[in-house]
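Q:
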Amino acid sequence: MFYSLINPFIFRLNHQVIFAMNHFNHIMKAFITFLFVASVTLLPAETISVEDFGVKPHSFKDAVEGVKQAIEACKKHPDAKLVFPEGRYDFWPDKAEKREYYVSNTTTETECPSKIKHIGLLFENMKNLTVEGNGSLFVFHGKMVTWALDHCENIRLQNFTVDFERPTMSEITFREVTPNVIVGDVHPDSRYAIMDNKLLWYGDQWLANENNYFSILTDIVAGTELYSSFSPLNESKVTELKPFQLKFEGNFRDINYQAGKTLTIRDHIRDHVGAFINLSKNIQLDHITMHYMHGLGIVSQFSENLTYTAINITPSRKRTIAGFADGMHFSGCKGHIKVENCNFKGLHDDPMNIHGTFLQIKEIQSPTRLIVRFMHGQTYGFPAFFENDTVAFIYSKAVQTKGKAIVKKVVLLSEREIEIELSHPVPSGIHTGDCLENLTWTPSLEVRNCRFEMTNTRGLLITTPKKVVVENNYFYRTGMYAIQIACDAGSWYESGEVRDVLIQNNIFEECGYNRVSGDSYTIAINPENHEVVKKHWVHRNVRINGNTFKVFDDLVLKAKSTDSLLFENNIVEHSNWVTPLEKSDNKESNFPAFQLENCTNVILKNNTIEIQKPVVINCMQMKKSDLKAGKGFQTEIK
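Counting from 27, one number per residue, gives the positions in the sequence shown under the working numbering.
1) From LEU69 to ALA336, what distance separates their C-alpha atoms?
2) GLN689: which of LYS560, THR204, ARG442 and LEU226 sits nearest, CA to CA?
3) Are the segment 473-481 and the segment 397-414 touching, with three or more C-beta to C-beta distances below 8 Å?
4) Using three-state DSSP, classify SER610 as helix, strand or coil.
5) Quick one: Cα of VAL90 to Cα of GLY168, how far?
6) Are LEU438 and ILE432 close, meaning C-beta to C-beta below 8 Å?
7) Can you check which of these residues, LYS631, VAL564, ASN632 and PRO393, is closest to ASN624 by C-alpha distance?
8) Taking only the alpha-carbon atoms, compute the straight-line gap between ARG503 and SER546 and give it to the nearest angstrom.
9) If you compare alpha carbons, which of LEU487, ILE281, VAL365 and ARG279 is closest to GLN310?
10) Would you check if the distance between the CB atom of GLN327 and the CB atom of ASN304 is smaller than 8 Å?
11) Between which two residues does the alpha helix (DSSP H) carrying GLY3 extend?
12) Would you mind working out which of LYS586, GLY80, VAL558 and THR574 sits nearest ASN567, comparing C-alpha positions?
13) Kindly give me the distance between the Cβ atoms of ARG484 and TYR507, rounded to whole angstroms, as I take these residues to be in contact under 8 Å.
14) For the alpha helix (DSSP H) that ASN260 lies in, which residues bound it at each end?
15) Taking 6 Å as the limit between beta carbons, can you name the residues of its chain near HIS103, skipping five residues before and five after?
16) Hey, out of ASN532, LEU487 and TRP467, whose CA is closest to ASN499's CA?
17) Three or more C-beta pairs closer than 8 Å, one from the segment 511-528 and one from the segment 261-269: is that the case here?
18) What is the DSSP secondary structure of VAL76, counted as helix, strand or coil?
19) Identify whether ASP460 lies in helix, strand or coil by the three-state DSSP scheme.
20) Inspect the beta-carbon positions of GLY382 and GLU463 and report whether they are closer than 8 Å.
21) What did DSSP end up calling VAL211 once you bin it into helix, strand or coil?
22) Under three-state DSSP, which class holds ALA106?
23) May I ask which residues mark the beginning and end of the beta strand (DSSP E) holding ASP189?
24) Using 8 Å for Cβ pairs, my map puts ARG192 next to GLY229. What's the rounded Cβ distance?
25) Count the C-beta pairs between the segment 368-377 and the segment 335-355 that are closer than 8 Å, then say yes if the count reaches three, no if not.
26) Roughly how many angstroms separate the alpha carbons of ASP526 and PRO618, rounded to a whole number?
27) Can you give the Cα-Cα distance for LYS360 and GLU150, rounded to whole angstroms?
28) Give me the DSSP bridge partner(s) of SER241.
29) Quick one: is GLU261 buried, meaning 16 or more other Cβ sit within 10 Å of its Cβ, or exposed?
30) Quick check on DSSP: helix, strand or coil for ASP312?
31) Quick one: grab the DSSP three-state call for LYS652.
32) Are the CB atoms of ILE570 and ILE511 within a distance shorter than 8 Å?
33) Are LEU148 and ALA174 closer than 8 Å when you measure CB to CB?
34) Under three-state DSSP, which class holds LYS423?
35) Would you identify the three-state DSSP class for VAL568, choosing helix, strand or coil?
36) Just how far apart, CA to CA, sit GLU497 and PHE534?
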């Protein structure tokens with residue numbers, strides 16, 4: 027009787043004890059698991075110093091072998107950190123890693139048959155790595171790719187400066203210029219020889235091709251660059267007055283040489299690039315200075331999610347040029363590109379270019395199988411499509427999308443041609459001569475708080491259909507358009523019809539001085555479509571809002587084949603600056619401040635425009651209903 031009375035109580039007590047013990051066990055297991063995870067998480071990443079492999083700062087010895095060993099050691103440790111103690115490190119091409127890379131927008135088969143590159147620091151098939159420079163200076167010799175990331179993921183490079191002992195750019199500053207005699211000072215970083223009264227430029231294991239010079243005249247005070255020529259000096263008699271001071275005797279009457287300005291001279295061939303990011307993902311560059319880059323600049327090709335912060339591409343040691351060509355070049359990338367707090371100064375080409383690549387249809391083998399071809403001479407040889415990518419069929423003459431398909435199979439037939447199998451047949455209206463565009467490999471883009479200056483070409487080229495924000499930047503005296511939105515299927519074959527672009531709170535000062543008269547617009551939306559299709563526009567949804575324009579010739583914006591273009595809350599001021607091409611301020615010119623061609627849904631409102639001529643909007647192939655303009659505009663419909 028007693029046990030029968032207390033048994034339920036004992037059962038409940040045991041059940042509660044067992045439940046409490048099980049609950050305690052669960053808590054303890056969770057706590058132990060937490061401690062284990064925390065201990066793993068909080069363990070410092072493996073730090074590997076290049077000094078452990080015999081690489082010493084300020085030794086002036088070739089660091090290539092030791093750095094290669096240090097990089098190899100990093101592959102054995104997850105979350106490794108490769109450290110360079112502060113100092114100078116030198117890199118020569120002799121023992122550097124060599125790889126065959128086909129790089130967009132570089133060289134033709136004739137210009138450079140070999141695509142073998144010498145890479146100073148090669149990071150290949152690596153993940154979760156930080157490279158800490160600690161403010162070090164990396165000095166390169168000869169022709170090299172300074173660093174490359176190939177098939178990498180989650181990589182961060184930070185806190186170092188790159189320069190060349192002998193840049194492949196030569197510079198001579200004129201101290202005296204007359205019709206028959208020129209005296210100039212060669213920059214100490216430029217090596218030269220005089221043979222048979224002729225001047226030759228040379229460097230570490232290279233000699234510039236005297237028949238293939240490309241020259242730009244720079245003015246460091248005005249911050250300008252002009253196309254020029256070395257031919258008059260090349261054809262003259264040269265003598266050395268003293269080391270690094272030369273006298274030229276010849277005919278200098280019809281050339282733009284001027285005392286105080288610097289002629290910068292290079293070979294034409296882009297046989298290397300400044301740095302290369304290839305088929306990589308989640309890459310961060312932070313506080314890196316590039317004082318000189320040979321060939322095309324920092325090239326990011328078919329890579330994903332790129333964040334570049336505080337990158338300074340600027341010259342050093344009183345040189346005027348930091349880049350042989352572009353500053354940053356993005357070809358066929360995807361995910362998100364963020365460029366913030368960067369400076370671009372002293373380039374022979376565009377500071378930034380973002381685009382894809384159209385491949386032309388050469389043969390339709392079946393409704394779903396095509397042979398396509400790289401068309402531009404300097405772009406070929408790299409993978410342009412991958413299985414499961416989405417592609418668009420492009421009617422080339424109008425740059426018009428006719429349909430889409432999924433890539434099922436890709437076969438590389440040659441460096442130029444690719445066979446591609448698609449999920450859907452070729453749509454009506456697409457024939458040989460039209461193009462394919464890879465829509466999967468297109469990025470969104472942010473460019474914020476950057477400065478673009480001292481380039482003879484454009485500031486920023488944008489061709490991508492994903493969201494674009496260009497905000498709080500300063501464009502100062504870019505030689506051509508500060509911003510260009512192009513897209514063409516017949517010349518450079520750079521693809522990307524824009525669909526969502528915001529250009530906001532930027533300053534544009536005296537841009538476009540290097541353009542021919544009447545085309546020095548600050549912003550140009552100018553796709554290269556050679557056929558107008560009714561109710562088709564190449565670009566759309568471009569908003570230009572809250573910017574300040576300081577224009578010397580009162581030309582602000584031109585746009586072609588654009589739907590939904592907004593120009594709102596901007597300030598436009600006249601500048602009295604006289605350009606190097608000695609343009610007038612165009613007070614009496616007939617060129618309109620705004621030039622529109624085949625556009626629709628265009629709105630100009632709430633702008634403050636104070637220029638010296640009537641504010642004309644010239645509209646071609648448009649109706650009155652395509653444009654809504656506020657007060658103060660004169661509209662011409664043609």
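Just so it is clear, CB atoms sit at the ideal spot from N, CA and C, and this is done for glycine as well.
A: Straight from the coordinates:
1) With a pLDDT of 39 at LEU69, under the threshold of 50, the predicted position of this residue should be treated as unreliable, though the coordinate-derived value follows. Using only the alpha carbons, I get a separation of about 29 Å.
2) As displayed, the chain neither begins before 27 nor continues past 664, which places residue 689 out of reach and without an answer.
3) no
4) Note that SER610 has pLDDT 46, beneath the 50 cutoff, so the model's placement of it is unreliable and the number below is only indicative. Coil at SER610, not helix or strand.
5) 13 Å
6) no
7) VAL564
8) 11 Å
9) VAL365
10) yes
11) Outside the shown range of the chain, which is 27 to 664, sits residue 3, and nothing can be said about it.
12) LYS586
13) 5 Å
14) 257-260
15) GLU72
16) ASN532
17) no
18) helix
19) coil
20) yes
21) This sequence places Asp at residue 211; Val is not what is there. It is a strand residue.
22) strand
23) 179-190
24) 4 Å
25) yes
26) 26 Å
27) 20 Å
28) ILE291
29) exposed
30) strand
31) It is Asp, not Lys, that sits at residue 652 in the sequence shown. Looking at ASP652 - three-state DSSP - the assignment turns out to be helix.
32) no
33) yes
34) helix
35) strand
36) 12 Å
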